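Count the sequence shown with my numbering and you get residues 1312 to 1860, in order. The C-beta atom is built at its ideal place from N, Cα and C for all residues, glycine as well. What you are looking at is a predicted structure, and each value in this text was computed from that prediction instead of being measured.
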Amino acid sequence: MSATDPDRKRPNGALAPLSYPDFRLLWSATLVSNFGGLVQAVGAAWLMTQLTDSATLIALVQASNTLPIMLLAIASGALADIFDRKSLLMAALCFMTVVSLALAAVAYAGGLTPWILLGFTFMLGAGQALYNPPWQASIGDLVGRQDLPAAVSLNSVGFNLMRSVGPAAGGFIVAAFGAAAAFAVNALSYLPLLGAMARWKPQLAPRVTTPEPFMAAMGAGLRYVVLSPNLIRVLLRGALFGFAAIAVLALLPLVAKSHPEGGSLLFGGLLGCYGVGAIGGALMNPRIRARMSNEHVVRMAFGGFAFAALVLGLTDAIWLHGLAMLPAGASWVLALSLFNVTVQLSTPRWVVARALALYQTATFGGMAAGSWAWGGVAGAHGVQTALTAAGLLLLAGGALGIWLRAPEFGSHDLDPANRFREPALQLDLRGRSGPVMVMVDYRIDHDDVPEFLRLMQQRRMIRRRDGARGWALLRDLEHPDHWSESYHIATWDEYVRHNLRRTKTDAEVTTQLRALHRGDGDPAVHRMIERHSVGPRDDVPLVGKIEVP
């Protein structure tokens, strides 16, 4: 049975995605990889506190992990929508394995400086930037649409299950064997996931067009998100949440170090409390979403993280700090999993990796900027001041929902409409030939004009979002019931892609427009290639090859 087969027998609720064998296999292997990544993060963060007293450099350990995701995620998303996602995932895993082994070797030899350590963590972040968009986009291929929110939450459960033990284990490994051992553990942790990826046999839909050019694919992803108001709101709230909330994680090594009994074990223990809270948040996520609107969940997440930042900034007791990390972990999962699911359910499959990449660019870009900014504030005014300011900003971010309300999960059917059939052309046209101008003729009764114009507003957004340029609606001055919709497409290949991108919800607009048309048959479609100068061999008619109707 396929992942989206509605008749497959499966459990309901938070564990439903585990009934899909491929998801279960990859999720289990990801647990091991997450464990290694968290051990490595503790090793890098704590080693930096031993190499320098600079609050900025210590906070930049977080930034060096998140900055590559901001810089490279959109490129990775475009690659994930163009090429085989499994190959990209395995390439990223191999790269991170090699970098982790090199980091362990340099650390063991005693050759690390603060900037060399930041360089290695930056490279690991680059590998994660290549890995994240194809992995997140693949979740929708591994499970059915109805189980996607639970699958995203399970991903969070898996990561934070390891967060509850990984940092503590990392603190022990660093204290007992040194940071080099933590880096070696991370390198070994990629091997089970590489094995699981090798066994995975994804069911790929047959390609009916040539792959999009890389730069054009990046532009298409940017255009789709910019013309999707719901996605823009998610990106803005995600960026603000990442910017403010990262202060807690970026400055936590300094919080642990400030205690007389502080050390790598205390740092790992505080991160463990954070992980326990995150597991609780992930397990409660389905019940919370069932009882609350998305905006109320987001406000609760901002408020929970604000509480944690203020407690860390205004108190000195270790037990209060550990307690504060519990709502911080829960809030992190509630906010980011909701943002992730909203993007996935608001985006068709042809562009989902690029939309997720842009979401990650915004969120991790906020984290990278926040790590640098809060490190600077801590260096100039103290850790407590930085954490208190971050807490106040988080409270303001929750109130921002009055104007930038988080959208509810999309109810639109974003599966491909599959209505387009490429026409038989009478010219010897190449796929890269263009530009192509398209005109669609309608006859509309006077009484139907307001409804026609309303639908055309939706059509304009759909056309532009899917790649059309120069869209216009024309009305005949001598025959006012004659209307023409016109737009341009760069090439014939792009015209075919433009039509294949149409979703079932988009097709409903087409059906309603056809119902308003009063001419004989369907509205006439004219597809014309633009020529400002035509050579003698351009656009050669296919005489005798295709029967002219």
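Residue i: first and last residue of the uninterrupted beta strand (DSSP E) it sits in
i, result
"L1785", "R1780 to R1786"
"I1800", "H1793 to I1800"
"A1355", "Where A1355 is concerned, there is no enclosing beta strand (DSSP E), although the alpha helix (DSSP H) it sits in stretches over P1332 to L1362."
"H1837", "A1835 to I1840"
Cβ-based burial, residue i [other Cβ within 10 Å; buried from 16]
i, result
"V1410", "buried"
"S1861", "Absent from the model: residue 1861. The displayed extent of the chain is 1312 to 1860, so no value can be given."
"F1488", "exposed"
"H1828", "buried"
"Q1514", "exposed"
"P1791", "exposed"
"C1584", "buried"
"G1469", "buried"
"I1380", "buried"
"A1567", "buried"
"G1421", "exposed"
"L1378", "buried"
"T1658", "buried"
"Y1331", "buried"
"P1834", "buried"
"F1431", "buried"
"V1536", "buried"
"F1506", "Going by the sequence as given, residue 1506 is Gly instead of Phe. Label assigned to G1506: exposed."
"F1613", "buried"
"R1732", "exposed"
Spatial distance of residue i from residue j (CA atoms)
i, j, result
"W1426", "V1747", "52 Å"
"G1742", "T1520", "9 Å"
"R1730", "D1817", "11 Å"
"G1709", "D1627", "26 Å"
"P1727", "R1838", "22 Å"
"P1328", "W1338", "10 Å"
"L1784", "A1527", "26 Å"
"I1629", "A1416", "35 Å"
"S1344", "A1495", "12 Å"
"A1498", "M1407", "8 Å"
"A1403", "L1504", "11 Å"
"L1715", "R1544", "6 Å"
"A1437", "R1598", "35 Å"
"H1607", "A1646", "10 Å"
"S1795", "G1830", "13 Å"
"L1560", "G1477", "15 Å"
"N1466", "I1450", "10 Å"
"L1581", "W1661", "41 Å"
"W1803", "A1680", "42 Å"
"R1812", "D1759", "28 Å"
"Q1769", "D1756", "19 Å"
"G1586", "M1473", "7 Å"
Spatial neighbours of residue i in its chain, beta-carbon cut-off 7 Å, leaving aside the 5 residues before and after
i, result
"A1391", "L1399, P1444, P1445, A1448 and A1664"
"W1782", "R1771, R1774, R1775 and Y1798"
"L1326", "none"
"L1766", "V1820, Q1823 and L1824"
"H1809", "D1777, G1778, A1779 and I1800"
Span of the alpha helix (DSSP H) around residue i
i, result
"V1694", "V1694 to A1710"
"V1748", "Here residue 1748 turns out to be Met, not Val, going by the sequence shown. No alpha helix (DSSP H) contains M1748, which is instead part of the beta strand (DSSP E) from V1747 to R1754."
"A1661", "First, the residue type needs correcting, since residue 1661 is Trp and not Ala in the sequence shown. Segment: none, W1661 is in no alpha helix (DSSP H) and carries neither H nor E."
"W1446", "P1425 to L1453"
"I1385", "A1366 to I1393"
"L1715", "Counting along the chain, L1715 falls outside any alpha helix (DSSP H), and DSSP gives it neither H nor E."
"S1569", "P1540 to S1569"
"S1657", "Taken as a continuous stretch (DSSP letters only), S1657 belongs to no alpha helix (DSSP H), as it is neither H nor E."
"P1597", "S1575 to R1602"
"G1615", "N1605 to L1625"
"W1456", "The question names Trp, but residue 1456 is Arg in the sequence shown. That residue, R1456, is in no alpha helix (DSSP H); it is neither H nor E in DSSP."
"A1823", "As written in the sequence, residue 1823 is Gln, which differs from the Ala given in the question. Residues K1815 to L1827."
"F1763", "V1760 to R1776"
"R1808", "W1803 to L1811"
"A1416", "R1396 to Y1419"
Close Cβ partners of residue i (< 6 Å) along its chain, the five nearest in sequence each way excluded
i, result
"E1719", "N1605"
"A1356", "V1372 and P1564"
"Y1806", "V1747 and I1800"
"V1454", "A1314, P1328, Y1331, F1334 and A1462"
"A1490", "G1354, L1358 and A1418"
Chain-order list of residues whose beta-carbon lies under 8 Å from that of residue i (same chain, five-residue window excluded)
i, result
"G1591", "L1637, G1640 and A1641"
Min CB distance residue i to chain B below 9 Å
i, result
"A1628", "Although the question refers to chain B, the structure presented lacks it and comprises just one protein chain."
Checklist line | 4 or more residues per run - each alpha helix (DSSP H) lying fully within the segment 1458 to 1524 | finding: 1459 to 1488 and 1490 to 1510
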